[in-house]
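Here the structure is laid out as structure tokens; the discussion comes afterwards.
Protein chains: 2
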Amino acid sequence: MRHRFANRATVAVLALMIVFGPIFPAAGAGSLSHLRESAEVSPQSKAEEKWEELFRSLPQAERLKQYMQRLSAEPHHIGSAAGKRNAEWMRDQLKAWGLDAKLEEFDVLFPMPRERVLELISPEKYTARLKEPALAEDADSGDENQLPSYNAYSGDGDVTAPLVYVNYGIPADYEQLARMGVDVKGKIVIARYGASWRGIKPKVAYQHGAVGCLIYSDPKEDGYYQGDVYPKGPYRPDFGVQRGSVMDMPIHPGDPLTPGWGATKSARRLSREESKTLMKIPVLPISYGDALPLLKNLGGQVVPENWRGALPITYHIGGNENAKVRLKVLSDWKLHTLYNVVARIEGSTYPDEWVIRGNHHDAWVNGADDPVSGMVAVLEEARAFGELLKKGWRPKRTIIFCAWDGEEPGLLGSTEWVEQHAEELKQKAVAYINSDSTSKGTFGVGGSHTLEKFVNDVARSVNDPRGKGSLWEVMKARRGGQADNRADLRISALGSGSDYTAFIDHLGIASLNVGFGGEGGGGIYHSIYDSFAWYTRFSDTTFEYGRTLVQAAGTATMRLADARILPFEFTNFAETVGGYVDDVAKLPKQNVDLAPLRKAVEKLKQAADNYDRALNAILRTGSLPAETKELNKLLFQSERRLLSDAGLPRREWFKHQIYAPGFYTGYGVKTLPGVREALEQKDWTEAAEQVGVIVTALNAMSGQIESAALKLQSR
Amino acid sequence: MRHRFANRATVAVLALMIVFGPIFPAAGAGSLSHLRESAEVSPQSKAEEKWEELFRSLPQAERLKQYMQRLSAEPHHIGSAAGKRNAEWMRDQLKAWGLDAKLEEFDVLFPMPRERVLELISPEKYTARLKEPALAEDADSGDENQLPSYNAYSGDGDVTAPLVYVNYGIPADYEQLARMGVDVKGKIVIARYGASWRGIKPKVAYQHGAVGCLIYSDPKEDGYYQGDVYPKGPYRPDFGVQRGSVMDMPIHPGDPLTPGWGATKSARRLSREESKTLMKIPVLPISYGDALPLLKNLGGQVVPENWRGALPITYHIGGNENAKVRLKVLSDWKLHTLYNVVARIEGSTYPDEWVIRGNHHDAWVNGADDPVSGMVAVLEEARAFGELLKKGWRPKRTIIFCAWDGEEPGLLGSTEWVEQHAEELKQKAVAYINSDSTSKGTFGVGGSHTLEKFVNDVARSVNDPRGKGSLWEVMKARRGGQADNRADLRISALGSGSDYTAFIDHLGIASLNVGFGGEGGGGIYHSIYDSFAWYTRFSDTTFEYGRTLVQAAGTATMRLADARILPFEFTNFAETVGGYVDDVAKLPKQNVDLAPLRKAVEKLKQAADNYDRALNAILRTGSLPAETKELNKLLFQSERRLLSDAGLPRREWFKHQIYAPGFYTGYGVKTLPGVREALEQKDWTEAAEQVGVIVTALNAMSGQIESAALKLQSR
């Protein structure tokens, strides 16, 4: 849409006005870019704009609510009857709306607990409840078939040992313990949630010799300190528990028995002993109600101030014989069938170029927020596309909607699907757009920086549901003083924590993760209180943000599906990578020479500029290049160049050299991970090697961009 | 002592070596200065050094313990039989040690509570205990005749109103409440202790229309969040209460009915209505045990994060009709006789030059820490001087030891004594050295910056009790990175909160306040748990720091009493005042011109340099000026020049123009208070006027210093 060119630098604007005539400023207009559409000089351009506008008029908040009520009516974890019913219902809906929908199954290892025991043995006896009470105010909290509170992929074990409080249980906390002369060898640790992904805590505990690990929600971060607890307010009540996986996902996500290949029925499987992602020691998540009797009985030193939570006690380290606990966790270690829902709209012109849009459907319990709030947006997006199809619309490229199963235990559904279809995806996948839980507030985006300009423009085209201008304007206002003079708002880099992981990190498929947040408070994450009652009382109560998410993600999907020249651009990416190099350069690095990295970034910037100039030339002439298919393939496969076949050290499944979840942070992203993590671990040799690996990837990317620039110029 | 010249700048050292011969470096040596001693070129100099060393060998830790046991055996607040007995016992001891000791009485208004009621009326009923439980582990906690928990000088009243949580209850908190749309008019406020002196809280509440005020100890600042609570650890238990005065001491301390004159039996007295320092609304201090049922029933908005304490609740503002409390406080409003103990050692040469050393003896309850820990150091100092007297020592100047009564309710004993003897003190007082509660850790000093060099040298002469070098070295190490390259460690400016206030702020007598702290934790302040059992278990358990305090304060007293040229020096003072001007210049100040202040500081620096040069000349020649009496009078009366007769705006009793307790911080010091507080209140006219007042004072000081420099040069 031409009006989004408004506010360009004056000279450029004048040039454009000569080519395109008057420019129509609109709410949300704010930057240059959208060069892809500058190529849309054919008569269809106007028609496509109308389709897009029609699309954005279709989503209905009331439908989102109805889908949520249905999908969150029963506990529907992977392997549950309700989960399968949900998948079948979604498939049937998608079919009814005119999409080619089917289920796609994988058989994955998903342990459920057989036995869970936690007792304080001394100095007094306390048997942990390990059970969230049902609430009269929330009928779903009393549903049958709830998964008990546990950490999936915990080791089996029955251990009795002194208890040690380890704060968040991250490596820095063990350094502090060492300074205090405290050792966790042979002990059970208790860590509070926060500061890392949960799976890091037992992993680091195990590395330090602990024999068991408890993880609890401290009310400081997740309970009454934050606000009124459920059902009075949205925050975590005293016996609410955060379930969750402790699979070692920074090694690889997906089925622990089929790393790197699809877990089909007939697939080769590792033994559990061979798997690298199963936790070695028993781990159990507990409520602050259950943690209080344990923590208040700890002796030993008083903890440092920044280790103190909001329980009404003096926090002690423990570790002496006084406070001893027994922890027993046994799981059933069964395989379960997961049901991904996959629905296609075949592309009219480029059926072998796929735009993929997904969200998971499995929950730990009822999951109205996680994942249903995001899932229903995908469904409504698909329904709206069905409406467009009925009115004669057809996307140029193939659109694939996915509802993933088994995300919660370890991104199982998406990872197995990506692994199973890897060769085809490498060839065909244009981009993956993910969502997950969504709330209310500001539009949030993370993803590949080659799509940063693109997604900024999407945000300029969609209105904030509360009439505060475009999503982009609200984002900009929200960032306040942090906003620089850059035309585009920065998007965050992706770590892990949702289904984009296999797409971007394993296959190099450019990905985006979108959703709303920032205004809701919550403490029902992965508990039985994540219910329709909770969501409709405390989160996006009117589903107006949900409806806007449909508009935003759908607009992005349509534009990717229809663009004549795919909207990948590289100047922001090159600048961002340059910033990562600057960050890494601030770490202690002895003799590790980062100059080759800087040189590669310079090359990348040149290539990006060349592409930018070529695209601008297209814009000026108003005529498309001789052919675009090869050009577009170079563009959407450019992210593949950022992979290294060998993967990251000690975790070859992770092949992306720019983004990865941190080995010791879990979900949290580490950019330029090969070099950054080696420097953080003070492994200078490895850091130097990894500089070479990243340079190779960046140079390959530069080459691809230069090729794309040449293609653009071919007449 | 000459060896303290070591580490001078080399040239100066060589010069000194020529004059004095070899220099003997000693532990604790570290700066120049001590020019006063350079004047001690007479044969006595060596002898005096020996007396000083003998003095420091005399204090006995065991005696401190015995005095404490005796003085803290019973509750001994002002007006109590035990308080009078303590005064008499001290007088008798001092006499027995050879000092001329007597009691000096004043009759002052000291209200004790007749009735205290605090009830939560709705949404549920709770009657506050208002009573600290006795502990089996601490026999004194069950003593008879304890003052109940209350705030002395609370208004009488019986009010029932909605409750509002106001955080610390300082002006900034009411600004926050206004932003949140909350008004306290007609309501009862509950504030937590901290961020200001307690008396500020009801005063500011009253100014905002509140009809009652509760002050409670939140466990975040004063309870289990800090560490284990008594008797397990030293911190405040759930029903421990901080008593304390809420007299409006920033207006003036001392008897509310005799502002500015001594409260002798026959003195003129204001009516209570005429007094300006009585609180207008009922105020009551409560424990966190009693606060919890009130706070957890508050409705309304959730408080901002920095308003949250460590109680296991979501903190709400309240203010609606839901949570209503009744507060009733009635006092008996009687006059009581207070008993100061005053003991003299007549000076041999200058009997009309007085060095005054004091500590209060009254407590809120048993007061082993506050004030007995400091009081016993003064007693032991006096005993040691008695020993010296027996061995033939006599100070050149008169030394006066004081044990003040009635400090807790409002610095009553010291203020009335100062007011009663004002004219004589103006003429004769050389300096006042105060102590109060003392603990363990690092030597702490606040006071007049004209004595900064002096007290640095005292700290260099006394050894840390744990063998870590001199007190000065421990202080320096403790300050770590904060230490600049200055020869002397900075001392803090005095606000209020102990008995130096009338000396320095009302009469301009240079003062020091000394004690140990920083390593003890505590939560027994002003409670029944401030006992011998607590102190000997958790504070200065072996009294080694108490013994060191005797050595340090006694060394200072002896040096002041014997110096040929009094050790006032002005370069540090001038530099420090310059820093205060820089601080004030950072405040918003519209058109207020601070240039005259800067000019006055320049003049002051010149005068200080002139005096310094003159003193160095004396040092070089080794010969005293023709006469020193007039010189010394100019020196010790120099601090008087910093007063303005009219006093500070709205509080004429406070006459010092450099230091004052803050009008809205209470104990906390405000330097250059006339200008600083006017700027803070955005009263530009008053700020401009006050610039003139301070300039006048600084110029008078400069003149006095120039006169002293001239005297030094007279031969």
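Top line first, the protein sequences correspond to chains S and B. Numbering follows the working numbering, in which position 33 of the first sequence is assigned residue number 33; successive positions increment by one, without gaps. Numbering follows the working numbering, in which position 105 of the second sequence is assigned residue number 105; successive positions increment by one, without gaps. C-beta: ideal position from N, C-alpha, C; glycine also. Keep in mind the model is a prediction, meaning the values are calculated, not measured.
Across the stretch 306-318 of chain B, CB contacts with chain S closer than 9 Å involve 308, 310, 311, 312, 313, 314, 315 and 316, in sequence order along the chain. Residue 311/S sits close to residue 218/S, with the two beta carbons spaced by under 8 Å. Within chain S, the residues 308 have their CB atoms less than 7 Å from the CB of residue 225/B, given in chain order. Between residue 53/S and residue 547/S, the alpha-carbon positions lie close to 14 Å from each other.
No Cβ-Cβ contact shorter than 8 Å links residue 491/S with residue 431/S. Here the alpha carbon of residue 683/S sits roughly 28 Å from the alpha carbon of residue 281/S. For the stretch 294-306 of chain B, the residues whose beta carbon sits under 7 Å from a beta carbon of chain S are, in order, 302. The contact set of residue 219/B on chain S, defined by CB atoms closer than 8 Å, consists of 312 in chain order. When DSSP states are grouped into helix, strand and coil, residue 581/S belongs to the helix group. For residue 190/B, the enclosing beta strand (DSSP E) stretches over residues 188-192. Residue 424/B sits away from residue 397/B, with the two beta carbons spaced by 8 Å or more. In this structure, 380/S is the residue among 189/S, 380/S, 634/S and 561/S with its C-alpha nearest to the C-alpha of residue 97/S. Counting along the chain, residue 200/S sits inside no beta strand (DSSP E); it lies in the alpha helix (DSSP H) bounded by residues 200-207. Counting along the chain, residue 401/B sits inside the beta strand (DSSP E) bounded by residues 397-404.
Taking every protein chain shown into account, the CB of residue 180/B has fewer than 16 other CB atoms within 10 angstroms, so this residue is exposed. With respect to residue 341/B, residue 403/B sits close: the two C-beta atoms are nearer than 8 Å.
At a cut-off of 8 Å between beta carbons, residue 228/B contacts chain S. The beta carbon of residue 542/S sits closer than 8 Å to the beta carbons of 61 from its chain, once the five residues preceding and following it are set aside; these are given in chain order. Looking at the backbone, the Cα of residue 237/S and that of residue 523/S are separated by about 8 Å. Its Cα nearest to that of residue 221/S, the residue 195/S stands out among 636/S, 195/S and 648/S. DSSP, read as helix, strand or coil, puts residue 544/S in helix.
Inter-residue distance for residue 300/S and residue 159/S is about 21 Å (C-alpha atoms, whole angstroms). Note that the C-beta distance between residue 248/B and residue 265/B is not below 8 Å. Non-local C-beta neighbours of residue 376/B in its own chain, meaning closer than 6 Å and more than five positions away in sequence, comprise 64, 67 and 68, ordered along the chain.
With respect to residue 439/S, residue 520/S sits close: the two C-beta atoms are nearer than 8 Å. The DSSP-derived three-state label of residue 394/B is coil.
Sequence-distant partners of residue 607/B (beyond 5 residues in either direction) whose C-beta falls short of 6 Å from its own C-beta, in its chain, are 702, 705 and 706.
Judged by their CB atoms, residue 371/B and residue 78/B are not nearer to each other than the 8 Å cut-off.
The stretch 320-334 of chain S and the stretch 150-164 of chain S touch, with three or more beta-carbon pairs separated by less than 8 Å. Per DSSP, the unbroken beta strand (DSSP E) holding residue 431/B starts and ends at 429-434. Annotated three-state conformation of residue 239/B is coil, per DSSP. Taking C-beta atoms under 8 Å as the contact rule, residue 374/B and residue 515/B qualify, at a distance of about 6 Å.
Residue 572/B counts as buried, since at least 16 other C-beta atoms from the protein chains shown sit within 10 angstroms of its C-beta.
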